[in-house]
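Working notes, beginning with the structure itself.
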Amino acid sequence: MTPDELQTMLSSDERHWWYRGRRRVLRAQLDRLPLAPGARLLDAGCGSGRTLDELVRYGRVSGIDLSPQAVAAAQRRGHQDVRVGRVEQLPFADGTFDVVTCLDVIEHTPDDRASLAELRRVVRPGGLLLATVPAYQGLWSWHDEVNLHFRRYDSASLRAAAREAGWEVVGDTHFNSLLLAPAAAVRLAQRRRRRHAHSDLDLTPPRLNGLLELPLRLEARLVAAGTRLPAGLSLLAVLRRSAVHEAVVQEAVVDEDTLHEAAA
């Protein structure tokens, strides 16, 4: 994202209704997962580290972000294992983490399949990735430009990218559903005016944060109950690195080695 947008994000992450609501939806989904005590979690694209504050309740956390400024902010929150790096080249060993969160990051990468494959590499067999992305290419706007997005997604395109990278799709859901129509109207109006707008984070005054967060509170409860929301400005996918697939591959390698030995 542009330097101005990065600074807006870092200064808004604690209080802005969008970030607060997204964290609620994330917690609702995490609470549904069978996480063992002491699980290892990575937030890939951790920003200010505010999401890491949430993840510590589930286990031992690590973070990575492309921005040294963001990493410094996360470290000031007390998170020690936070590093500067790219999602496409994670500085962690294979199979390190039980759960990875990657929130509104994949759309920033030129090759989403490569990014998803690298995220899969650092997840243990049977482990999970929770990824959020902006929904609907038709809603492309100046917000996507200043955030340096390459694309937006629908359920089919996100599932296809995940499967091509080797993930098993556990499920997905939209969120930020109730604000879809007004947000779409604003973005289409901006497009017709053909002028650059401010970041979407600046469109709503701080005094409205509590009110605008209310729909996401409701949606978090629905997600916690296992409801799949069919439409919304954002999309959340739960992906698994299949332990069964790993076992089959390993068995095939062993069988091939046995055949070579027999032939010798």
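Per my numbering, residue 3 is the first one in the sequence shown, and the count goes up by one each step. For every residue, glycine included, the Cβ atom is placed at its ideal position computed from N, Cα and C. Remember, predicted model here, so these are calculated numbers, not experimental data.
* Do ALA164 and LEU132 come within 8 Å of each other at the CB atom, strictly closer than that value? -> Taking 8 Å as the Cβ cut-off, LEU132 and ALA164 do not qualify as a contacting pair.
* To do: Could you check the C-alpha separation between ALA167 and ALA116 for me, to the nearest Å?
  => Whole-angstrom Cα-Cα distance: 7 Å.
* Just reading off the alpha helix (DSSP H) that GLU215 is part of, what are its end residues? -> Taken as a continuous stretch (DSSP letters only), the alpha helix (DSSP H) holding GLU215 covers 211-226.
* Asked: For ARG59, which of ARG123, LEU141 and LEU28 has the nearest alpha-carbon?
  -> The shortest C-alpha separation from ARG59 is found at LEU28.
* **Per-residue burial, ALA239 [other beta carbons within 10 Å of its own, 16 or more giving buried]** => Its Cβ being crowded by 16 or more others within 10 Å, ALA239 is buried.
* Asked: With respect to the alpha helix (DSSP H) encompassing THR53, which residues constitute its N-terminal and C-terminal limits?
  -> Looking at the DSSP string, the run of the alpha helix (DSSP H) that includes THR53 is 52-57.
* Asked: What number of angstroms, rounded off, separates the C-alpha of GLN31 from the C-alpha of TRP142?
  -> Rounded to the nearest angstrom, the two C-alpha atoms are 27 Å apart.
* **Cut-off 6 Å between Cβ atoms - residues of its own chain near LEU12, not counting five sequence neighbours on either side** => When the five nearest sequence neighbours on each side are left out, the beta carbons in the same chain lying within less than 6 Å of the beta carbon of LEU12 are those of SER50 and ALA75, in order along the chain.
* In chain order, what residues of the same chain have a beta carbon less than 7 Å from the beta carbon of SER157, not counting five sequence neighbours either side? -> These residues qualify, in order along the chain: ASP174 and LEU237.
* **Where HIS145 falls: helix, strand or coil (DSSP)** => Looking at HIS145 - three-state DSSP - the assignment turns out to be helix.
* So, are the CB atoms of ALA46 and LEU121 less than 8 Å apart? -> Yes, Cβ-Cβ distance for ALA46 and LEU121 is below 8 Å.
* Asked: Taking DSSP as the reference, what is the three-state secondary structure of GLN77?
  -> In the structure shown, GLN77 sits in a helix (DSSP, three-state: H, G or I).
* Is the beta carbon of VAL125 less than 8 Å from the beta carbon of GLY87? -> Cβ atoms of VAL125 and GLY87: not closer than 8 Å.
* Leaving out the 5 sequence neighbours to the left and right, which residues in its chain are closer than 6 Å to SER159 when beta-carbon positions are compared? -> So no residue of the chain qualifies.
* Please name the residue in LEU216, HIS151 and VAL101 whose C-alpha comes closest to that of ASP114. => Cα-wise, what sits closest to ASP114 is HIS151.
* Thinking just about the alpha-carbon of each residue, which of ALA185, LEU213 and PRO127 is nearest to the one in ARG22? -> The residue with the shortest Cα to Cα distance from ARG22 is LEU213.
* I think GLY102 touches ARG85, with their Cβ atoms under 8 Å apart; what is that distance to the nearest whole Å? -> Per the sequence presented here, residue 102 reads as Val, with Gly not at that position. Between VAL102 and ARG85 the beta-carbon gap is near 14 Å, outside 8 Å, which marks them as no contact.
* To do: Take LEU68 as the anchor and find which of PRO93, ARG62, LEU241 and THR229 has the nearest alpha-carbon.
  => Ranked by how close their Cα comes to the Cα of LEU68, the residues PRO93, ARG62, LEU241 and THR229 have PRO93 in first place.
* CB GLY61 to CB LEU37, shorter than 8 Å? -> Using a Cβ distance threshold of 8 Å, GLY61 and LEU37 count as a contacting pair.
* Hey, how far is the Cα of SER14 from the Cα of ARG79? -> Their Cα atoms are separated by approximately 15 Å.
* Asked: If you check the beta carbons only, do ARG123 and GLU170 fall under 8 Å apart?
  -> The answer is no: Cβ separation not under 8 Å.
* To do: Can you tell me which of ARG189, GLY228, SER179 and THR229 puts its alpha carbon nearest to the alpha carbon of LEU218?
  => Considering only alpha carbons, the answer is SER179.
* Determine the burial state of GLY234: buried for a count of at least 16 other Cβ atoms within 10 Å of its Cβ, exposed for fewer. => By the neighbour-count rule (16 or more Cβ atoms within 10 Å), GLY234 is buried.
* **Own chain, CB closer than 8 Å to GLN77, minus 5 neighbours either side, in chain order** => These residues qualify, in order along the chain: GLY51 and VAL84.
* Asked: What do you reckon, are the CB atoms on VAL148 and ASP106 nearer than 8 Å?
  -> No, the pair does not count as a contact, with Cβ atoms beyond the cut-off.
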